[in-house]
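Student: Under this note's numbering, think of the first position of the sequence shown as 626, with each following residue one higher.
From the three backbone atoms N, C-alpha and C, an ideal C-beta is built for every residue, glycine too.
Keep in mind the model is a prediction, meaning the values are calculated, not measured.
This is the structure, below, for whatever I ask next.
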Amino acid sequence: MADQVSFLTGIAEDVSTEARDAHGNSESDLLLPSSGIKLRRELGLIDTLSFTVGIIIGSGIFTSPGAVLAYAGSVGEGLLSWVAAGVLALLSVLLFAELGASIPVASGSGAYFKIAFGDAWSFAFVWIMFFAIFPGSVNLISVSFAQYLVAAISSIDLEPGELSGDVRVKYIAILCIVILTLCNCAGVRVGAMVQNVLGVCKMALVSLIVILGTIFFCRDSSVLKENFTEPFNGSSLPGFGPSMVAALWAFCGWGDIVFLAEEIKNPEKNIPRASFGAIAIVTFTYLVVNVSYIAVIPYSEVESSLVVAMDTARAVLGPSGGRLTAVLVAVSLLGTVNAVIMCGGRYLYGSAKTGEAHRWLGHVSVRTGAPTIALLAQGAWCVFLLFLFSDFLQILNYFGTASFFIYGLSAVAHIELRRKLPDLHRPYKVPYHPFASVVVVCTCMYMIVSTVVNDPIHSAYAFLFMILAFPIYYLVVKEWNTRANLDKILPLLDP
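Below, the structure is given as structure tokens:
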């Protein structure tokens, strides 16, 4: 271990060399051999910020406020749950900002696990991400997009949840995945442009909800006054944890910015800036939107609603308002799908370059500069699973805790890397170490335990699936895979 730490420390000294050319590329750009094609650094601060906000704001803020209030028992505790979730997300973002700025590689946590824990853990990361987390995210969000779209264009009033068995939903979801995958294959600039346009539509929806709440309040302030007459009446201390958990799910995706690290201009500065800015924007947005909901709808109706955004629009504008909101929610979800697909191809590309995925997944298109094979492989897997399993979306719920397992393990890796590589050049360092790491680990453990208590059978399936990565690695992958040396994880000077 001492020799390995010395070796890594020596590499870290190379990393601290920050000479850059006129295009903003560091001499320490990594992973690809000098004869290979590198991902292009074409994402500025605004692009990175738009991507991060886009991947976080999905369907959660439009559907989950009811569950947050139901667990909390009061309006005041419900809003505090959103604030607490934002603080916890910020603490996690601090860790990823440090890791992403100091080790800016596309494989993200896979690289951190490889350095901190070894090759097997890095492979386990790829296994969980490819087979569970990313297809789960892409398929669940694309199906939600299709449900809202069909509900908006249907000749009769339908709730999105009533369309789970509709064949139109499946094929629209598949078409969504195919089109957005091809858009991202056209290059990072095309993917970023699509994300920026969809991000504007997402913020238009948020603005609409706030405007509707303001209009309704000016017309009739009785609902808001009633909801805030005794804001903490009925509060439940045991319910605060589950309420915060329900809110925290709406912040998922906060660490995915690291998968674009090799395509972000000046990542040492822009990753921390975009990370902090995104969480601030998202937390403020969530609070304002929740206040808008309870300015229009009585508390008892909000806590039982699964489509609170549509209910708010209906209360102010009538049935046509519900349809308009359904369209805007669908567009918002489309932006989230694009962001997930965009970063999903990058982690797979990065993992191929470090030996945890097949080498051909590390191919970069000469024409577009995009990791096309990784993107196509991810898209094909998502489409295959949607075709193959009619109950696939239920199966994916078994792996819901996998994302918090990765987040928690990333926090542990942060502690281990601080110990192993004390001299690594860190453009940003999390203050009061290891406070943030410990809080994130404890939060993720709480999230996982809560899920196990509520659904022990499906949680057991999820853990068995994750554990399966290790025998597969030692019995199969370690034997045939020509793995990259550890030094390909960290930036090295180009010859």
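Exposed or buried, H648, counting other C-beta atoms within 10 Å across all chains shown (16 or more means buried)?
Tutor: With a pLDDT of 38 at H648, under the threshold of 50, the modelled position of that residue is not reliable, and the figure given next carries that caveat. H648 is classed as exposed because its beta carbon has fewer than 16 other beta carbons within 10 Å across all chains shown.
Student: Report the partner residues of L1194 according to the DSSP bridge assignment.
Tutor: No answer is possible for residue 1194: it lies beyond the span of the chain, which begins at 626 and ends at 1120.
Student: Throw me the rounded Cβ distance for the L805 and I966 pair, which I believe falls under 8 Å.
Tutor: 5 Å
Student: Which of helix, strand or coil does DSSP assign to M626?
Tutor: The predicted position of M626 is uncertain, since its pLDDT is 43 and thus under 50; a value taken from the coordinates is nonetheless stated next. M626: coil per DSSP, three-state reduction.
Student: What would DSSP say about W879, mapped onto helix, strand or coil?
Tutor: Three-state result, W879: coil.
Student: Within its chain, find whatever has a CB closer than 6 Å to the CB of G969; leave out the 5 residues flanking it on each side and keep chain order.
Tutor: F759, Q1003, listed in sequence order.
Student: Would you mind working out which of E926, L705, S734 sits nearest S717, comparing C-alpha positions?
Tutor: S734
Student: Roughly how many angstroms lie between the CA atoms of M616 and R971, to the nearest whole one?
Tutor: Limits of the chain in this structure are 626 at one end and 1120 at the other, which puts residue 616 out of reach.
Student: Excluding five sequence neighbours on each side, which residues of the same chain lie with their C-beta closer than 6 Å to the C-beta of T910?
Tutor: V831
Student: How many angstroms separate the CA atom of A731 from the CA atom of T1076?
Tutor: 30 Å
Student: What is the DSSP secondary structure of E981, counted as helix, strand or coil?
Tutor: coil
Student: Under the three-state reduction of DSSP, which class applies to N915: helix, strand or coil?
Tutor: In this structure, N915 counts as helix in the three-state DSSP scheme.
Student: How about L802 and V835: do their beta carbons lie closer than 8 Å?
Tutor: Here residue 802 is Ile; the residue named in the question, Leu, does not match the sequence. The answer is no: Cβ separation not under 8 Å.
Student: Is the beta carbon of Y1099 less than 8 Å from the beta carbon of A749?
Tutor: Not a contact, by the Cβ cut-off of 8 Å.
Student: Cα-Cα, which of S925, R992, S976 is closest to W985?
Tutor: S976
Student: Taking the alpha carbon of S1028 as the reference point, which residue from V1063, L1001, L1011, M1072 has its own alpha carbon closest?
Tutor: Checking every option, the nearest Cα to that of S1028 belongs to M1072.
Student: Is there contact here, the segment 847-854 with the segment 702-710, by at least three beta-carbon pairs under 8 Å?
Tutor: no
Student: For D791, report the span of its alpha helix (DSSP H) as first-last.
Tutor: DSSP places D791 outside any alpha helix (DSSP H), giving it a letter other than H or E.
Student: Using the C-alpha atoms, what's the distance from V1037 back to V1063?
Tutor: 8 Å
Student: If contacts are defined as beta-carbon pairs under 8 Å, then L958 and S684 qualify, I think. What distance do you get, rounded to the angstrom?
Tutor: 6 Å
Student: In the structure shown, what three-state DSSP assignment does H1083 receive?
Tutor: H1083: helix per DSSP, three-state reduction.
Student: Could you tell me which whole alpha helix (DSSP H) segments of length 4 or greater appear in the segment 925-965?
Tutor: 933-942
Student: Assuming L973 and F755 form a contact by the criterion Cβ under 8 Å, report the distance between their Cβ atoms to the nearest whole angstrom.
Tutor: 7 Å
Student: Would you identify the three-state DSSP class for F853, choosing helix, strand or coil?
Tutor: coil
Student: Under a CB-based cut-off of 8 Å, is P923 close to chain D?
Tutor: Protein chains in the displayed structure number just one, and chain D is not present.
Student: Let me know the secondary structure DSSP gives S861 once reduced to three states.
Tutor: coil
Student: Span of the alpha helix (DSSP H) holding V822?
Tutor: 813-844
Student: How would you call R992, buried or exposed, if buried means at least 16 neighbouring beta carbons within 10 angstroms?
Tutor: exposed
Student: Shorter than 7 Å, the distance from the beta carbon of F1060 to the closest heavy atom of the ligand GDP, or not?
Tutor: In the structure on display, the ligand GDP does not appear, and there are no ligands present to speak of.
Student: Tell whether a beta-carbon distance below 8 Å holds between A886 and P996.
Tutor: Their beta carbons are not under 8 Å apart, which means A886 does not touch P996 by this criterion.
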